[in-house]
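In my numbering, the protein residues as written are 338 to 619.
Worksheet: the structure to be examined is printed underneath.
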């Protein structure tokens with residue numbers, strides 16, 4: 338016996354605050370490619386290259402370039418449909434994330450903003466997630482005084498972090514414990530990935546004479562790779578583990594309430610509903 342058409346239920350398609358178009362996708366791919374080069378250039382440039390000869394200057398060069406490219410991506414995504422409602426939600430979430438970040442400052446890995454980026458990217462989509470991650474990191478840096486050559490790398494890495502949550506499968510169908518488990522697993526792995534890529538950004542600043550785990554522009558790739566692994570294990574493993582565990586705990590504990598609130602706000606905002614005006618006199 339089949340149910341009447343009026344009683345059948347179908348998963349409602351989840352609205353996106355931003356729909357990525359060809360222009361914004363191209364800009365995002367460009368900044369990601371440059372960002373990958375900016376993070377990994379110590380492993381790509383041969384010891385005899387001029388870039389390796391300026392190892393202390395290269396991070397500054399990439400940082401300046403990333404500032405311009407992140408701005409281009411934000412502008413392109415904005416032109417693709419970041420309306421007033423989405424801007425308002427972006428401001429609220431970015432302010433909340435920026436306020437959460439200093440809570441665990443100086444304490445090993447207690448960074449509650451990461452779980453909010455995961456859940457926001459999941460509900461609002463990859464385009465919104467990238468902009469949210471970048472803006473939140475910029476706002477938190479202004480709030481905490483953490484402005485420096487590392488900031489563009491942090492903005493890009495956090496943009497990737499939140500965007501990745503928006504690219505996870507089943508945005509319209511997967512709900513409940515299975516979704517929370519997936520988000521917790523993603524948050525755990527992405528928290529380590531974030532710490533690793535940020536280590537790449539700061540590692541070349543170390544003097545090779547100061548430590549045997551520092552970047553040596555004259556050493557081959559295999560040697561520098563071993564140095565980098567040792568650097569991560571010695572300096573950030575505990576911090577990254579703490580960040581990952583906190584992200585998992587908050588995602589599982591607060592995830593149901595935050596996801597419901599974000600989805601309810603998204604439905605009420607009706608991002609994808611076109612605005613119409615009644616004719617005068619009707």
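Don't be surprised by glycine CBs; every beta carbon is placed ideally from N, CA and C.
With a CB to CB cut of under 7 Å and the five nearest residues on each side skipped, what residues in its chain are close to residue i?
i, result
"residue 568", "536, 540 and 550"
"residue 589", "517 and 521"
What are the start and end residues of the alpha helix (DSSP H) that includes residue i?
i, result
"residue 471", "463 to 481"
"residue 500", "488 to 503"
"residue 435", "421 to 437"
"residue 591", "574 to 606"
"residue 367", "359 to 381"
"residue 516", "513 to 539"
Report buried or exposed for residue i, applying the criterion of at least 16 other Cβ atoms within 10 angstroms of its Cβ.
i, result
"residue 480", "exposed"
"residue 618", "Only weak support exists for where residue 618 lies, its pLDDT of 47 falling under 50; the coordinates are left without a value."
"residue 368", "buried"
"residue 517", "buried"
"residue 381", "exposed"
"residue 577", "buried"
"residue 559", "exposed"
"residue 532", "buried"
Excluding sequence positions up to five away, which residues of its chain have a Cβ less than 6 Å from the Cβ of residue i?
i, result
"residue 476", "431 and 435"
"residue 595", "456"
"residue 474", "491, 492 and 495"
Express the C-alpha separation of residue j and residue i in angstroms, rounding to a whole number.
i, j, result
"residue 526", "residue 581", "7 Å"
"residue 563", "residue 557", "10 Å"
"residue 472", "residue 457", "13 Å"
"residue 502", "residue 462", "8 Å"
"residue 423", "residue 534", "29 Å"
"residue 523", "residue 553", "33 Å"
"residue 555", "residue 511", "50 Å"
"residue 528", "residue 451", "8 Å"
"residue 579", "residue 429", "26 Å"
"residue 507", "residue 514", "13 Å"
"residue 591", "residue 449", "11 Å"
"residue 468", "residue 586", "25 Å"
"residue 391", "residue 379", "Its pLDDT being 47, under 50, residue 391 is placed unreliably in this model, and the coordinates cannot settle the point."
"residue 366", "residue 454", "21 Å"
"residue 363", "residue 561", "32 Å"
"residue 584", "residue 359", "33 Å"
"residue 600", "residue 543", "45 Å"
Suppose the cutoff is 8 Å on Cβ atoms and the five residues either side in sequence are ignored; what does the same chain contact list for residue i look like?
i, result
"residue 505", "459, 519, 520 and 523"
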